[in-house]
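The numbering used here puts the last residue of the sequence shown at 206; the count rises by one with no breaks.
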Amino acid sequence: CIICMDAIIGVDITTPCRHHYDKGCMLDLFESATKDESLFPPRCCRQTIPLCLVQAHMSADLLKLFREKSEEFGTLKRVYCADPACSRFLGPQQESTSWSLRSPATKACPAAGCTTNTCLGCKNKVSGPLHRCAENAQDAQVLGLGHTEGWARCPGCANMIELSLGCYHMTCRCKTEFCYLCKKRWKTCVCPQWDERRLH
7 CIICMDAIIG VDITTPCRHH YDKGCMLDLF ESATKDESLF PPRCCRQTIP LCLVQAHMSA
67 DLLKLFREKS EEFGTLKRVY CADPACSRFL GPQQESTSWS LRSPATKACP AAGCTTNTCL
127 GCKNKVSGPL HRCAENAQDA QVLGLGHTEG WARCPGCANM IELSLGCYHM TCRCKTEFCY
187 LCKKRWKTCV CPQWDERRLH
C-alpha cells in the first residue's frame with residue numbers, strides 16, 4: 007500500500023497512475039477529502055481517483071457525504087445557512103439577472119433542529135413571506151472600506167475577511183480555504199505563505 011507501506015491483504019485498489027492502496031487507507035483518504043477541501047477530490051500523482059474505484063467499499067453514510075461535498079466543493083458562489091451556528095451548504099447563489107423582476111428563491115435549511123430560511127440571492131436570513139433583496143448602503147460602505155484596507159473576499163461565498171495576524175492561509179466560515187494575497191483557492195498559487203510582520 008502506497009500510504010501505509012504494508013502488504014495488501016484482501017482488497018487492492020489500483021489508481022490510474024498504477025499505485026496500490028489497501029481498502030482502509032483509501033477509505034481514510036476519501037473521508038479526509040470530505041473534511042478538508044484542499045484534499046478534494048482525492049488524488050494520487052495529481053490525478054483524480056475515480057469514485058467508481060472506491061464506492062463499492064464505502065459505507066452508505068460516507069458515500070452520501072462524499073456526494074454532498076462533491077456538489078458543495080464544485081459550487082463557486084455558495085450559499086450557506088444564514089444562521090452562523092449552522093452554516094450548512096444550501097446550494098449556489100442566484101445571480102441578480104435571474105430574479106430582477108421578482109424576489110429570489112429562499113431555502114429552508116434541511117439541518118436537523120435548524121428552522122432558518124435563507125435568501126439564495128442576498129444570502130441573508132428571511133423572516134417573512136415577502137422578501138426583497140435591496141441594495142444595502144451599509145454593505146456598500148463595508149465593501150468600499152475593505153477595498154481601501156486591502157481585505158479579501160472569500161472566493162466561495164464572497165464574505166469579507168480581514169487578516170490581522172498569521173499566515174496567508176485563510177479558512178472562511180463557509181470552509182473555503184484560500185490565499186489572502188491573490189484570493190485563489192489554497193494550494194493553487196505560488197504566493198508566499200506569510201509575511202514576518204504579520205506574525206507578531
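Just so it is clear, CB atoms sit at the ideal spot from N, CA and C, and this is done for glycine as well. It should be emphasised that the depicted structure is a prediction, and the values quoted were computed from it without experimental measurement.
{"Item": "DSSP three-state assignment for Arg73, whether helix, strand or coil", "Value": "helix"}
{"Item": "Residues near Cys92 by beta carbon distance below 7 Å, same chain, minus five either side", "Value": "Cys115, Ala117, Cys120, Thr122"}
{"Item": "Residues near Pro47 by beta carbon distance below 6 Å, same chain, minus five either side", "Value": "Thr54"}
{"Item": "Inter-residue Cα distance where the pair is Arg24 and Cys125", "Value": "46 Å"}
{"Item": "Segment limits, alpha helix (DSSP H) that includes Lys41", "Value": "29–41"}
{"Item": "Straight-line gap, Leu217 to Asn130 (C-alpha atoms, nearest Å)", "Value": "Lying outside 7 to 206, the shown extent of the chain, residue 217 is not represented and no answer is given."}
{"Item": "Residues sharing a beta bridge with His175, DSSP", "Value": "Cys185"}
{"Item": "Buried versus exposed, by CB contacts within 10 Å (16 or more), Ala39", "Value": "buried"}
{"Item": "Exposure of Gln99, with buried meaning 16 or more beta-carbon neighbours within 10 Å", "Value": "buried"}
{"Item": "Whole-angstrom C-beta distance between Tyr86 and Cys163, which should lie under 8 Å", "Value": "6 Å"}
{"Item": "Coarse secondary structure for Val132, derived from DSSP in three states", "Value": "coil"}
{"Item": "Alpha-carbon to alpha-carbon, Phe79 and Arg138", "Value": "28 Å"}
{"Item": "Alpha carbon of Gly150 to alpha carbon of Trp157, nearest angstrom", "Value": "10 Å"}
{"Item": "Run of the beta strand (DSSP E) containing Phe95, from where it starts to where it stops", "Value": "95–98"}
{"Item": "Spatial neighbours of Cys173 in its chain, beta-carbon cut-off 6 Å, leaving aside the 5 residues before and after", "Value": "Gln199, Trp200"}
{"Item": "Thr103 classed as buried or exposed, judged by whether at least 16 other C-beta atoms fall within 10 angstroms", "Value": "A caution first: Thr103 carries a pLDDT of 49, below 50, which makes its placement in the model unreliable, though a value can still be read off. That one is exposed."}
{"Item": "Proximal residues to Cys197 (C-beta, below 7 Å), its chain only, five neighbours per side dropped", "Value": "Tyr174, Cys185, Leu187, Cys188"}
{"Item": "6 Å CB neighbourhood of Tyr77 in its chain, flanking five on each side removed", "Value": "Going by the sequence as given, residue 77 is Glu instead of Tyr. Around Glu77: no qualifying Cβ."}
{"Item": "7 Å Cβ shell around Val132 - same chain, five flanking residues per side excluded", "Value": "Thr112, Asn123, Thr124, Cys125"}
{"Item": "Arg52 classed as buried or exposed, judged by whether at least 16 other C-beta atoms fall within 10 angstroms", "Value": "exposed"}
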